[in-house]
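What follows is a set of notes on a single structure, which appears directly below.
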Amino acid sequence: MRWSTALAKAGITDPHVRRAYETRRRGVRRFALHEYVAVRLLLPARLQPTVIAAVAYMHRTDELIDAGEVSARRTALRSWAEQTGRALEADDPPADHTLSALWDAVRRHPHMAARVRAFLAGAPVEAAWTGFDTEADFQDYVDRYALPALMLTASLLAPRPDAGADDPFAAGCRALIEGWQRCDFLADLAEDVTHGRIGIPQDELIRHGVEFEDLRSKSQACVPALEHLVRSQTDRAEKALAACRGLPSLVVAEYRPFIDALVGVQALRLAAVRRKGGDLLYRETGPAPMASVAVLTRQFRRAWAHRRRRSHDISSGTSIR
189 MRWSTALAKA GITDPHVRRA YETRRRGVRR FALHEYVAVR LLLPARLQPT VIAAVAYMHR
249 TDELIDAGEV SARRTALRSW AEQTGRALEA DDPPADHTLS ALWDAVRRHP HMAARVRAFL
309 AGAPVEAAWT GFDTEADFQD YVDRYALPAL MLTASLLAPR PDAGADDPFA AGCRALIEGW
369 QRCDFLADLA EDVTHGRIGI PQDELIRHGV EFEDLRSKSQ ACVPALEHLV RSQTDRAEKA
429 LAACRGLPSL VVAEYRPFID ALVGVQALRL AAVRRKGGDL LYRETGPAPM ASVAVLTRQF
489 RRAWAHRRRR SHDISSGTSI R
């Protein structure tokens with residue numbers, strides 16, 4: 189389906205706003221190809237622009253606060269939060285394309301305003317992040333930053349978009365992002381350690397006899413201990429992903445292939461990280477491309493079958509669930 193068709197089905201007609209969505213679409217395709225393909229193949233056309241806008245906003249925020257001195261990251265975040273606040277309160281779309289797309293998305297889905305505020309409220313955690321002392325610090329990071337980031341998009345699929353943390357869908361998303369984030373930190377170990385910070389808690393390094401300086405120097409001597417550490421961390425991530433397997437059953441049928449694919453690709457990433465083990469110190473890893481394609485293809489067939497049934501039910505007057 190052409191992108192212009194998705195914009196039309198979403199009711200987006202303003203030329204400036206359409207250009208904003210188009211530039212953000214190209215950006216998301218460039219920096220998050222797997223997620224982009226999943227959105228375009230598996231979600232209903234009317235929802236695709238909003239999801240793209242949310243992903244683009246998260247990425248722009250992350251770019252501003254993910255690197256550099258902590259003071260500079262905090263300053264950038266304050267400025268960005270102020271720009272975002274002004275944009276969401278404006279009567280007309282802002283000139284900035286990321287904020288323009290977000291402005292439009294929030295008007296179409298008003299619950300997103302609270303999700304944006306929650307995301308920005310937790311963003312100082314990321315702006316100040318230099319690593320974790322304990323497992324509790326990691327869990328706090330997930331609760332305050334990673335989960336609100338996920339809920340910017342996940343809430344668009346939720347049975348109750350504004351539901352709290354005790355809602356089953358929100359709890360499933362919490363499990364998903366814990367496994368996802370732990371996997372990310374392991375996969376990024378080779379790069380993160382060169383910046384002097386990693387996402388594995390210090391108390392876990394100590395428990396497994398791994399010295400940070402050995403990681404920084406890429407010492408072969410620490411690889412056996414790192415192997416055990418990676419296995420322990422992937423066990424925890426696997427447990428978290430297992431706890432979110434029921435997520436697809438909580439949403440309407442047309443969203444299930446997308447969530448199934450999201451969970452399936454994370455499981456593939458985690459398996460790749462586990463196989464890499466101690467060698468994660470030297471290079472990043474990811475799922476085999478063909479395995480990811482297989483997951484997306486399988487879920488696309490499900491999505492296509494649902495759309496055909498939906499079209500038939502509409503034409504015959506049958507109730508749709």
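Each residue of the sequence shown is one higher than the last, beginning at 189 in our numbering.
All C-beta atoms, glycine included, are put in the ideal place defined by N, C-alpha and C.
Query                                                                                                                                              : Result
Just checking, does the stretch 294-306 make contact with the stretch 358-369 on the three C-beta pairs under 8 Å criterion?                       : no
Report the three-state DSSP secondary structure of M189 (helix, strand or coil).                                                                   : coil
May I ask you to report which of helix, strand or coil DSSP gives A315?                                                                            : helix
Count the CB pairs spanning the stretch 343-357 and the stretch 420-440 that are closer than 8 Å, and state whether there are at least three.      : yes
Going by beta-carbon coordinates alone, are P282 and D292 separated by less than 8 Å?                                                              : no
Between the C-alpha atoms of D328 and A353, what's the straight-line distance to the nearest angstrom?                                             : 14 Å
Could you tell me if K464 is buried or exposed, where buried requires 16 or more neighbouring beta carbons within 10 angstroms of its beta carbon? : buried
According to DSSP, simplified to helix, strand and coil, what is V227?                                                                             : helix
Which ranges would you report for the alpha helix (DSSP H) in the stretch 398-429 if only whole runs of at least 4 residues count?                 : 400-404
Report the three-state DSSP secondary structure of R509 (helix, strand or coil).                                                                   : Because R509 carries a pLDDT of 47, less than 50, the predicted location of this residue cannot be relied on, and the following value inherits that uncertainty. It is coil, neither helix nor strand.
Would you kindly work out how many angstroms separate the C-alpha atoms of Q271 and Y470, rounded to a whole number?                               : 39 Å
What does the alpha-carbon distance come out to for the pair P477 and V483?                                                                        : 10 Å
Can you tell which of A455, T382, T263 has its C-alpha closest to the C-alpha of A431?                                                             : A455
Tell me whether Y333 sits in a helix, a strand or coil according to DSSP, three-state version.                                                     : helix
Beta-carbon within less than 6 Å of A425's beta-carbon, same chain only, minus the 5 sequence neighbours each way: which residues are those?       : G367, R370, C371, L458
State buried or exposed for I394, treating a residue as buried only when at least 16 other CB atoms are found within 10 Å of its CB.               : exposed
How about T322: is its Cβ closer than 7 Å to a heavy atom in the ligand NAP?                                                                       : In terms of ligand content, the structure shown is empty, and the ligand NAP therefore cannot be addressed.
Quick one: what's got a C-beta closer than 6 Å to A346's C-beta in the same chain, skipping five residues either side?                             : F357
Give me the Cβ distance between V418 and R404, rounded to the nearest whole Å; I'm assuming they're in contact under 8 Å.                          : V418 to R404, Cβ: 17 Å. No contact.
Determine the extent of the alpha helix (DSSP H) in which C361 is found, giving its start and end residues.                                        : 356-375
Taking C-beta to C-beta, are E323 and P389 nearer than 8 Å?                                                                                        : yes
I need the DSSP call for V461, collapsed to helix, strand or coil.                                                                                 : helix
Would you tell me roughly how many angstroms separate the C-alpha atoms of R486 and W268, rounded to the nearest one?                              : 39 Å
Whole alpha helix (DSSP H) runs in the stretch 247-299 with 4 or more residues, listed along the chain?                                            : 258-277, 285-296
At which residues does the alpha helix (DSSP H) containing E145 begin and terminate?                                                               : Because the chain in this structure spans residues 189 to 509, residue 145 falls outside the shown range and cannot be described.
DSSP three-state call for D325: helix, strand or coil?                                                                                             : helix
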